[in-house]
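Residue numbers (this note's numbering): 594 to 655.
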Amino acid sequence: MPEYEFVDVYVPRGVSRKDATRLLTDHAEYGYWELDRLSLHRDGSRRVRLRRRIIRQVRATW
Numbered sequence: 594m595p596e597y598e599f600v601d602v603y604v605p606r607g608v609s610r611k612d613a614t615r616l617l618t619d620h621a622e623y624g625y626w627e628l629d630r631l632s633l634h635r636d637g638s639r640r641v642r643l644r645r646r647i648i649r650q651v652r653a654t655w
């Protein structure tokens with residue numbers, strides 16, 4: 594089972610959809626994050642949970 598690390602991003606209600614998309618695209622492109630969960634609140638704000646896989650390197654024994 595792969596292990597993931599998570600980060601929560603809060604997007605306030607005044608941020609346009611285009612700017613929110615740009616923010617999440619930058620996280621995905623440069624930080625290798627992918628979308629795990631998105632919740633839209635009544636006040637128009639968004640809480641986004643991003644995840645990326647933790648790659649553990651196995652120590653080589655010679």
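Beta carbons: idealized from backbone N, C-alpha and C, even for Gly. These numbers come from a predicted model, not from an experiment.
* Under 8 Å between the Cβ atoms of V651 and V604? -> Between V651 and V604, the C-beta gap is not smaller than 8 Å, which leaves the two residues out of contact.
* **CB of R646 within 8 Å of CB of P595, strictly** => The Cβ-Cβ distance between R646 and P595 falls below 8 Å.
* Asked: Which residues in the same chain as D601 place their Cβ atom closer than 6 Å to its Cβ, once the five residues preceding and following it in sequence are excluded?
  -> Within the same chain, and ignoring the five residues on either side of D601 in sequence, the residues whose Cβ sits closer than 6 Å to its Cβ are R642.
* Answer with yes or no whether the minimum CB distance from A653 to chain D is below 8 Å. => No chain D appears in the structure shown, which is made up of a single protein chain.
* Nearest-angstrom Cα distance between D612 and Y597? -> Near 26 Å, if we compare the C-alpha coordinates of Y597 and D612.
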